[in-house]
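J.: Just so we're aligned, residue 1 is where the sequence shown starts under the UniProt record's numbering, counting upward by one. The structure that follows is given in the form of structure tokens.
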Amino acid sequence: MGIYFKALPSNSVPLCLTSWGKKKKSAKTSEKDCRLHKSGSSLGAISKCLKVPRSSVQTIVRKYKHHGTTPPSYLSGRRLVLSPRDEHTLVRKVQIIPRTTAKDLVKMLEETGTKVSIATVKRVLYRHNLKGRSAMKKPLLQNRH
């Protein structure tokens with residue numbers, strides 16, 4: 001599953017490297033990444049052995065020296081204000097009752113403990129192709145109309 005075991009021909013020290021690039025690595029395998037560097041091999045030798053760019057090896061080794069481990073940075077980027085469950089609740093509420101306003105939806109979310117602005121609610125609904133959160137026209141008297 002993205003893990004490759006290779007060894008240098010001279011000293012045959014096994015090294016576990018996960019897939020390179022933008023993919024994340026698990027915590028167990030990230031500690032094994034620098035084992036070959038600890039054994040004294042140069043960055044160029046490691047990159048030739050593993051067939052990856054030397055700059056990638058250098059980045060991992062530098063990160064390992066600075067932090068002691070190479071933990072994956074799963075929490076990069078801006079945090080979400082609404083969870084996917086909250087978004088789904090908003091969309092369902094609007095689909096069931098189209099007359100609800102964005103202000104009503106903000107009050108509904110505040111009751112559950114999530115404080116958001118009207119602009120955030122409108123942005124979420126717009127993303128789901130629901131536009132115009134001012135109340136619709138007066139509903140008909142009976143369903144058959």
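Glycine residues also receive a C-beta, built at the ideal position from the N, C-alpha and C atoms.
Mind pulling the alpha helix (DSSP H) runs of 4 or more residues that sit fully within the UniProt domain "Transposase Tc1-like" (89-145)?
T.: Complete alpha helix (DSSP H) runs here, min 4: 102-112, 118-127.
J.: Would you report the Cα separation of V116 and L141, rounded to the nearest angstrom?
T.: The sequence position of residue 116 within the sequence shown is 116, counting from 1. The sequence position of residue 141 within the sequence shown is 141, counting from 1. Going by the C-alpha atoms only, they are around 34 Å apart.
J.: Whose CA, out of H66, T114, L80, L109, lies closest to the CA of K93?
T.: The residue you call residue 93 lines up with position 93 of the sequence shown. If we check each option's Cα against that of K93, L109 comes out closest.
J.: What does the Cβ neighbour count give for L125, buried or exposed, with the cut at 16 atoms within 10 Å?
T.: The count along the sequence shown starts at 1 and reaches residue 125 at position 125. It is buried - the Cβ of L125 has at least 16 other Cβ atoms within 10 Å.
J.: Could you tell me the distance, in whole angstroms, from the CA atom of K48 to the CA atom of R127?
T.: Here residue 48 refers to the residue found at position 48 of the sequence shown. Here residue 127 refers to the residue found at position 127 of the sequence shown. When rounded, the distance between both Cα atoms is 46 Å.
J.: Among residues of its own chain, excluding the 5 on either side of V81, which ones have a beta-carbon nearer than 6 Å to its beta-carbon?
T.: Taking the sequence shown and counting its residues from 1, the one referred to as residue 81 is at position 81. Cβ within range, chain order: V116, T120.
J.: Note down the Cα distance separating K65 from K51, rounded to an integer number of angstroms.
T.: If you number the sequence shown from 1, residue 65 lands on position 65. If you number the sequence shown from 1, residue 51 lands on position 51. So the two alpha carbons sit approximately 22 Å from each other.
J.: Going by other Cβ atoms of all chains shown within 10 Å of its Cβ, with 16 needed for buried, is S41 buried or exposed?
T.: Reading the sequence shown from its first residue, position 41 is the one you call residue 41. By the neighbour-count rule (16 or more Cβ atoms within 10 Å), S41 is buried.
J.: Does S42 come out as helix, strand or coil in the three-state DSSP assignment?
T.: Counting from 1 along the sequence shown, the entry for residue 42 is found at position 42. Three-state result, S42: coil.
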